[in-house]
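**Q** Take a look at the following structure, please.
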Amino acid sequence: MSDVLVVGASAAGLATAESLRRRGFTGSIRLIGDEVHQPYDRPPLSKKVLSGVWGADQTALRAPADLAALDIDLVLSSRAVSVDVRRQEVVVSGGRRLPYGDLVIATGLAPRRLGAFDGLAGTHVLRTLDDVERLRAELAAAERLIVLGAGVLGCEIAATGRQLGLGVTVVDPAPVPMGAQVGPEIGEMLAGLHRANGVEVLTGTKAEAPVVSNGRITEVLTSAGLVAADVVVVAVGSTPATDWLEDSGLILDDGVVCDSRCRAADNIYAVGDVARWWHERQARSVRLENRTNATEQGLAVADNIMGANKPYVPVPYFWTDQYDIRMQVFGDLSGAHTIRVLEGDPATRKFVAAAESGGRVVGVIGWNSARGVRKARELIADRD
Amino acid sequence: MQVEIDEPRCVAAGHCVVAAPEVFDQRDDDGVVVLLDANPPDDEHEHVREAALLCPAAAIIVRDRGGAP
Ligand SMILES: Cc1cc2nc3c(=O)[nH]c(=O)nc-3n(C[C@H](O)[C@H](O)[C@H](O)COP(=O)(O)OP(=O)(O)OC[C@H]3O[C@@H](n4cnc5c(N)ncnc54)[C@H](O)[C@@H]3O)c2cc1C
Ligand code: SF4
Chain A
1 MSDVLVVGAS
11 AAGLATAESL
21 RRRGFTGSIR
31 LIGDEVHQPY
41 DRPPLSKKVL
51 SGVWGADQTA
61 LRAPADLAAL
71 DIDLVLSSRA
81 VSVDVRRQEV
91 VVSGGRRLPY
101 GDLVIATGLA
111 PRRLGAFDGL
121 AGTHVLRTLD
131 DVERLRAELA
141 AAERLIVLGA
151 GVLGCEIAAT
161 GRQLGLGVTV
171 VDPAPVPMGA
181 QVGPEIGEML
191 AGLHRANGVE
201 VLTGTKAEAP
211 VVSNGRITEV
221 LTSAGLVAAD
231 VVVVAVGSTP
241 ATDWLEDSGL
251 ILDDGVVCDS
261 RCRAADNIYA
271 VGDVARWWHE
281 RQARSVRLEN
291 RTNATEQGLA
301 VADNIMGANK
311 PYVPVPYFWT
321 DQYDIRMQVF
331 GDLSGAHTIR
341 VLEGDPATRK
351 FVAAAESGGR
361 VVGVIGWNSA
371 RGVRKARELI
381 ADRD
Chain B
385 MQVEIDEPRC
395 VAAGHCVVAA
405 PEVFDQRDDD
415 GVVVLLDANP
425 PDDEHEHVRE
435 AALLCPAAAI
445 IVRDRGGAP
């Protein structure tokens, strides 16, 4: 029996366990995860690890000694297959039952796959350290990379591909890259950035089918014609890893549905990319897929396990590195219709801008302006 | 308390500056963390621990006197 059982041994799960200890929690904590690796950080995978600047060991979230000092029962290579909420037990593969006092669901996301491309030699997804090792090995011998999907991940992979000297094509049906995250104007600027760096950006374009020769992908048929490829990365989004919760009775709706305290049911919380919770200040249900949310929500859940009964009301934040641009975004830009430059100049690739909707600032964006964007964050108004 | 920064890990998120503005700042050009005080006074310790927890890159290392982190 563990007082707290955390399922998912990555950013959000570890943050929850560590925050519990920092807050003085003295009960037993068990952290289980299905990967073989010690908890590691994902953001470097598409950047410094894929480019080879960092080795895999540099992604460790905590040094072994620091992990040991937390006094957590860390069980790796162990997959949760179901939960019995009445008996308060999680079942792991092999059939072992793990009883808990409080359960924290931190299983993150699984990459979405594209039927026709799935499992084909030469095609990849990128979510884990094992994924990046496989992809890096194939890119070393490749000349042409196609990235399907121009979201944050797809854009980063394209930029790293160029850095590695590959010819890169990005294909996405949407009109601009990262439109969902940054809106049309900044998306257009991003398209320009990628083109200036030699990427063929095929927006408004659908990937229709792979062309296969000797069991390996050689081309992709798109609505704009055939594109040659040695390697194809499918980066078309991810879905919450809730397969193991199908029969649990918990409410699943694009994530584990939680109240404003990140509580899915009595004694059950969800945290990180997998959690959909009621954001009191935004007055709607929210699920965030970014690195800082994993930590901040872990802290909030640890506090609530210890009885704080506090709503979780973060200002969403993410960053991305592409070429020589570090972009940082606070707030929620979906639905913003005006971009107003506050300082700097987009032409010099150093600026801070506010995104507005109905006269209200809903988000701020900075390119190479970490300080400016942090100050501008105060302009973001709550929905009332 | 002894504070160290693993600078190459820093992703310029700035959460440390929000949590402990007396102890951390950011460089103007690339936003990388600047340590203002490696031996912060007692009343900053809680803020510094908060910063270390919130840092998404695990770039802030806190050692209590005596050595162990
Ligand atoms: C390549 C890449 C680059 C990124 N770059 C950025 C960035 O620049 N900025 C940013 O803000 N965010 C970035 N992100 C997003 C960020 O990494 C995630 O938001 C963060 O990892 C979420 O943490 P998590 O712990 O909620 O989920 P995850 O990190 O997905 O961890 C979930 C863990 O649970 C395990 N698991 C799943 N199911 C089970 C089960 N049934 N039993 C046991 N274990 C299970 C998984 O294997 C995994 O280890 C990036 C993500 C990726 C993949
Ligand atoms: S919180 Fe961490 S990553 Fe962010 S600026 Fe501070 S040290 Fe750097």
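If you read the sequences in order, they're chains A and B. Mapped onto the numbering used here, the consecutive letters of the first sequence carry residue numbers 1 to 384. Mapped onto the numbering used here, the consecutive letters of the second sequence carry residue numbers 385 to 453. Where is the CB? At the ideal position from N, CA and C, for every residue including glycine.
Any beta carbon of chain B sitting closer than 7 Å to that of Ala-209/A?
**A** Here residue 209/A corresponds to residue number 209 of the first sequence, with the count starting at 1. By this cut-off, Ala-209/A is not an interface position.
**Q** Near Arg-393/B, which residues of its chain fall below 6 Å by C-beta distance, leaving aside the five closest residues on each side in sequence?
**A** For the purposes of this step, residue 393/B is taken as residue 9 along the second sequence, with counting starting at 1. For Arg-393/B, where only same-chain residues beyond five positions count, the Cβ hits under 6 Å are Ala-441, Ala-443.
**Q** On the CB-based measure, 16 or more other CB atoms within 10 Å of its CB, does Lys-47/A come out buried or exposed?
**A** The count along the first sequence starts at 1 and reaches residue 47/A at position 47. So Lys-47/A counts as buried.
**Q** Going by DSSP in three states, Val-270/A sits in which element: helix, strand or coil?
**A** In the first sequence, counting from the first residue as 1, residue 270/A sits at position 270. The sequence shown places Ala at residue 270/A, rather than the Val named in the question. Strand.
**Q** What first and last residue would you give for the beta strand (DSSP E) that runs through Leu-109/A?
**A** For the purposes of this step, residue 109/A is taken as the residue at position 109 of the first sequence. Segment 109-111, the beta strand (DSSP E) holding Leu-109/A.
**Q** Counting Cβ pairs closer than 8 Å, one from the region 240-250 of chain A and one from the region 219-227 of chain A, do we hit at least three?
**A** No contact exists between the region 240-250 of chain A and the region 219-227 of chain A.
**Q** If we ignore side chains and look at the alpha-carbon of each, how far apart do Gly-344/A and Val-211/A end up?
**A** As a position in the first sequence, residue 344/A is number 344, starting the count at 1. As a position in the first sequence, residue 211/A is number 211, starting the count at 1. Distance between the alpha carbons of Gly-344/A and Val-211/A is about 46 Å.
**Q** Looking at the strands, I want to know which residues DSSP matches up with Tyr-100/A.
**A** Here residue 100/A refers to the residue found at position 100 when the first sequence is read from its first residue. Bridge partners of Tyr-100/A: Ser-2/A.
**Q** Taking DSSP as the reference, what is the three-state secondary structure of Ala-275/A?
**A** Residue mapping note: residue 275/A aligns to position 275 of the first sequence, counting from 1. Of the three classes helix, strand and coil, the one that applies to Ala-275/A here is strand, per DSSP.
**Q** Work out the CA separation of Arg-281/A and Asp-384/A for me, nearest whole Å.
**A** The residue you call residue 384/A lines up with position 384 of the first sequence. The residue you call residue 281/A lines up with position 281 of the first sequence. Here Asp-384/A scores only 49 on pLDDT, less than 50, and its place in the model is too uncertain to base an answer on.
**Q** Where DSSP assigns a beta bridge to Ser-285/A, which residues make up the other side?
**A** Position 285 of the first sequence, counting from 1, holds the residue named residue 285/A. Paired residue(s): Trp-278/A.
**Q** Shorter than 7 Å from the beta carbon of Thr-295/A to some beta carbon of chain B?
**A** Within the first sequence, residue 295/A is the residue found at index 295, counting from 1. It does: the Cβ of Thr-295/A has a partner Cβ on chain B nearer than 7 Å.
**Q** Apart from the five residues on each side of it in sequence, which residues of its chain come closer than 7 Å, Cβ to Cβ, to Ile-389/B?
**A** To locate residue 389/B, count along the second sequence from 1; it is residue 5. Same-chain partners within the cutoff: Val-417, Leu-419, Ala-443, Ile-444.
**Q** Name, please, each residue of chain A whose Cβ falls closer than 8 Å to the Cβ of Leu-437/B.
**A** Taking the second sequence and counting its residues from 1, the one referred to as residue 437/B is at position 53. Those are Ala-15, Glu-18, Ser-19, Arg-22, Thr-295, Leu-299, listed as they occur along chain A.
**Q** Name, please, each residue of chain B whose Cβ falls closer than 8 Å to the Cβ of Thr-292/A.
**A** Here residue 292/A refers to the residue found at position 292 when the first sequence is read from its first residue. Ala-397, His-399, Leu-438, Pro-440, listed in chain order.
**Q** Look at the alpha carbon of Val-168/A and the alpha carbon of His-431/B, and state the distance between them as a whole number of angstroms.
**A** Within the first sequence, the letter at position 168 stands for residue 168/A. Within the second sequence, the letter at position 47 stands for residue 431/B. Answer to the nearest angstrom: the Cα atoms are 45 Å apart.
**Q** What residue from Ala-354/A, Gln-322/A, Ala-159/A has the CA that sits closest to Ala-334/A's CA?
**A** Counting from one through the first sequence, the residue named residue 334/A turns up at place 334. The sequence shown places Ser at residue 334/A, not Ala. Ranking the options by Cα distance to Ser-334/A, first place goes to Ala-354/A.
**Q** Residues of chain A with CB under 8 Å from Gln-410/B, in chain order?
**A** Counting from one through the second sequence, the residue named residue 410/B turns up at place 26. Those are Ala-370, Arg-371, Arg-374, listed as they occur along chain A.
**Q** First and last residue of the beta strand (DSSP E) that includes Thr-218/A?
**A** Reading the first sequence from its first residue, position 218 is the one you call residue 218/A. First-last of the beta strand (DSSP E) with Thr-218/A: 216-222.
**Q** According to DSSP, is Trp-319/A part of a helix, a strand, or is it coil?
**A** As a working note, residue 319/A is residue 319 in the first sequence. It is a strand residue.
**Q** Distance check for Asp-34/A and Ala-121/A, CA to CA, integer angstroms please.
**A** Position 121 of the first sequence holds residue 121/A. Position 34 of the first sequence holds residue 34/A. Answer to the nearest angstrom: the Cα atoms are 24 Å apart.
**Q** Can you tell me whether Ile-251/A is buried or exposed? The criterion is at least 16 other CB atoms within 10 Å of its CB, across all chains shown.
**A** What you label residue 251/A is simply residue 251 of the first sequence in a count that begins at 1. Exposed, since its Cβ has fewer than 16 Cβ neighbours within 10 Å.
**Q** Kindly list the residues whose CB is nearer than 8 Å to the CB of Asn-197/A, restricted to its own chain and excluding five residues on each side of it in sequence; keep chain order.
**A** Position 197 of the first sequence, counted from the start, is the residue given in the question as residue 197/A. Ala-159, Arg-162, Tyr-323, listed in sequence order.
**Q** Got a sec: does ligand 2 put a non-hydrogen atom nearer than 6 Å to the Cβ of Ile-444/B?
**A** Numbered from its first residue, the second sequence carries residue 444/B at position 60. Yes, the Cβ of Ile-444/B comes within 6 Å of a heavy atom of ligand 2.
**Q** Any C-beta of chain A within less than 9 Å: which residues of the region 420-435 of chain B qualify?
**A** Answer in chain order: Arg-433, Glu-434.
**Q** Using a Cβ-Cβ cut-off of 7 Å (strictly less than) and excluding sequence neighbours within five positions of Pro-453/B, which residues of its own chain qualify?
**A** On the second sequence, position 69 is the one that residue 453/B refers to. Caution is warranted here: a pLDDT of 49 is assigned to Pro-453/B, below 50, making its placement in the model unreliable, and the coordinate value is therefore given only provisionally. For Pro-453/B, where only same-chain residues beyond five positions count, the Cβ hits under 7 Å are Ile-445, Val-446, Arg-447.
**Q** What whole-angstrom Cβ distance do Glu-406/B and Glu-434/B have, given they're in contact under 8 Å?
**A** Translated into positions along the second sequence, residue 406/B becomes position 22. Translated into positions along the second sequence, residue 434/B becomes position 50. With a Cβ gap of about 13 Å, Glu-406/B and Glu-434/B do not count as contacting.
**Q** So with Cβ pairs under 7 Å, would you call Leu-333/A a contact of chain B?
**A** Here residue 333/A corresponds to residue number 333 of the first sequence, with the count starting at 1. Judged by the 7 Å Cβ criterion, Leu-333/A is not in contact with chain B.
**Q** Below 6 Å CB to CB, which residues in the same chain sit around Ala-80/A once its five sequence neighbours on both sides are set aside?
**A** Residue mapping note: residue 80/A aligns to position 80 of the first sequence, counting from 1. Taken in chain order, the residues that qualify are Val-7, Val-90, Val-92, Trp-244.
**Q** Could you name the residues of the same chain whose beta carbon sits closer than 7 Å to that of Asn-368/A, not counting the 5 residues immediately before and after it, in chain order?
**A** Here residue 368/A corresponds to residue number 368 of the first sequence, with the count starting at 1. Cβ within range, chain order: Ile-325, Arg-326, Arg-349, Lys-350.
**Q** Helix, strand or coil for Thr-169/A per DSSP?
**A** Taking the first residue of the first sequence as position 1, residue 169/A is located at position 169. Three-state result, Thr-169/A: strand.
**Q** Kindly indicate if chain B contains any beta-carbon less than 7 Å away from that of Leu-61/A.
**A** Reading the first sequence from its first residue, position 61 is the one you call residue 61/A. Judged by the 7 Å Cβ criterion, Leu-61/A is in contact with chain B.
**Q** Evaluate the contact criterion for the region 188-196 of chain A versus the region 169-179 of chain A: three or more CB pairs, one atom per stretch, below 8 Å.
**A** Yes, the region 188-196 of chain A touches the region 169-179 of chain A.
**Q** For Asp-414/B, go through chain A and note every residue whose CB falls closer than 9 Å to its CB, in chain order.
**A** Locating residue 414/B in the second sequence gives position 30, where the first residue counts as 1. Simply Arg-326, Asn-368, Ala-370.
**Q** With 16 other CB atoms within 10 Å as the buried threshold, where does His-194/A fall?
**A** On the first sequence, position 194 is the one that residue 194/A refers to. Buried is the call here.
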